[in-house]
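Here the sequence shown stands for residues 1 to 160, numbered as in the UniProt record's numbering.
Backbone N, C-alpha and C define an ideal beta-carbon position, used for all residues, glycine too.
Predicted model, so just to flag it, every value in this text is computed and none were measured.
The structure appears below as structure tokens.
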Amino acid sequence: MRARLIGIFTRHMQTPFALLVLAGLVAVLTISQSFSLGARLFPTVVALLGILLALLELGRQWLRRGAREASDYTDLGDEDDSPLFFAKGLLFFTWMLGFVALFLGIGALPAAGLFVLAFLKLQFRSPWLPSLGLAAGIVILLWGLGKVLQLRWPAPWLGF
């Protein structure tokens with residue numbers, strides 16, 4: 001019963017969600033046009049690609065309007081009511097809140113490295129060498145993207 005209700009709700013929310021995403025991307029595109037060339041390049045490309053994908057999704061919904069699904073297309077079953085399912089969701093949400101707190105507290109680059117390292121070691125019990133390699137790779141990738149795209153990272157609250 002619960003899966004059926006969720007399926008009905010998600011089916012009716014697809015178009016409003018796609019329209020909301022489309023409106024947000026149009027706003028990003030409009031606002032970014034007042035930026036300098038280097039600063040507007042990234043948001044313009046992302047917004048244009050997002051607008052294209054949102055329009056394709058709306059077109060897909062329009063072509064398939066009124067069509068019935070052959071079966072329940074959700075992957076939600078009765079086993080998703082178990083406490084373990086909700087505990088895993090809460091754990092993931094806690095990890096994301098921790099990343100946001102690290103980002104605000106110590107800055108983007110150190111937060112990304114520490115988050116990846118902690119996530120791999122604590123959540124997946126990964127060995128140290130691959131964990132350190134991936135954490136360093138993420139920091140180097142973000143640093144390089146920051147240089148190429150001329151990003152100004154937000155100042156951390158703790159002043160590092």
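- Note on the UniProt domain "DUF1468" (18 to 154): whole alpha helix (DSSP H) runs with a minimum of 4 residues are 37 to 63, 83 to 106, 108 to 118 and 128 to 148, in chain order.
- Straight through space, the alpha carbons of Arg11 and Leu122 are spaced by roughly 37 Å.
- At the C-beta level, Ala108 and Phe99 stay beyond 8 Å of one another.
- Of the residues assessed, Ala101 falls on the exposed side of the cut-off, its CB having fewer than 16 other CB atoms within 10 angstroms.
- For the pair of segments examined, the stretch 14 to 22 was found to touch the stretch 52 to 63: the number of CB pairs separated by less than 8 Å reaches three.
- Distance from the CA atom of Leu56 to the CA atom of Leu41, rounded to whole angstroms, is 23 Å.
- Contact between the stretch 137 to 155 and the stretch 33 to 48 is established, with three or more Cβ pairs separated by less than 8 Å.
- Residue state for Pro156 is assigned as coil, using DSSP reduced to three classes.
- Rounded to whole angstroms, the gap between the alpha carbons of Arg65 and Leu52 is 20 Å.
- Distance from the Cα of Gly105 is smallest, within the candidate group Trp157, Leu25, Phe85 and Met96, for Trp157.
- As the crow flies, the alpha-carbon of Leu90 is around 15 Å from that of Phe119.
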